[in-house]
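**Q** Have a look at the structure that comes next, please.
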Amino acid sequence: MNIDRIVLAFAGSVVLISLALGYFVTAWWFLLTAFVGANLLQSAFTGFCPLAMILRKLGLKSGCAFPR
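Throughout the sequence shown, residue numbering follows my numbering, covering -10 to 57 in sequence.
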């Protein structure tokens, strides 16, 4: 897997988990969903993603979305 796919899988997992926690535990977990969505939106325009930077330092292969 390249960095692009890992970032998308991680973001999707966090969104689903936070939705479940928001529904079953407390609505405050929906803030995590909003944070992930905002981070995905800003990375679409800027190309900056903290998770992609971490994965790149771990030596994973870059994809076309996060080439730097």
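The beta-carbon is built from N, C-alpha and C at its ideal position, and this holds for glycine as well.
Between F55 and C38, how many whole angstroms is the CB-CB distance? I'm expecting something under 8 Å.
**A** With 8 Å as the limit, F55 and C38 qualify as a contact, their Cβ atoms being about 6 Å apart.
**Q** State the DSSP-derived secondary structure class of V3, mapped to helix, strand or coil.
**A** Three-state result, V3: helix.
**Q** Between R(-6), L(-3), F19, I(-5), which has its C-alpha nearest I6's C-alpha?
**A** I6 has its Cα closest to that of F19, out of R(-6), L(-3), F19, I(-5).
**Q** Take G11 and list the residues in its own chain whose beta-carbon comes closer than 6 Å to its own, dropping the five residues that flank it on each side.
**A** Cβ neighbours of G11 beyond the five flanking positions: W18, F19.
**Q** Output the distance between the C-alpha atoms of L44 and L8, rounded to the nearest integer angstrom.
**A** Rounded to the nearest angstrom, the two C-alpha atoms are 25 Å apart.
**Q** Give every residue of the same chain whose Cβ lies closer than 8 Å to the Cβ of K50, excluding the five residues on either side of it in the sequence, and list them in chain order.
**A** Contacts found: N(-9), I(-8).
**Q** Let's see if you can read the secondary structure: which residues bound the alpha helix (DSSP H) around F37?
**A** It is not in any alpha helix (DSSP H) - F37 carries neither H nor E in the DSSP assignment.
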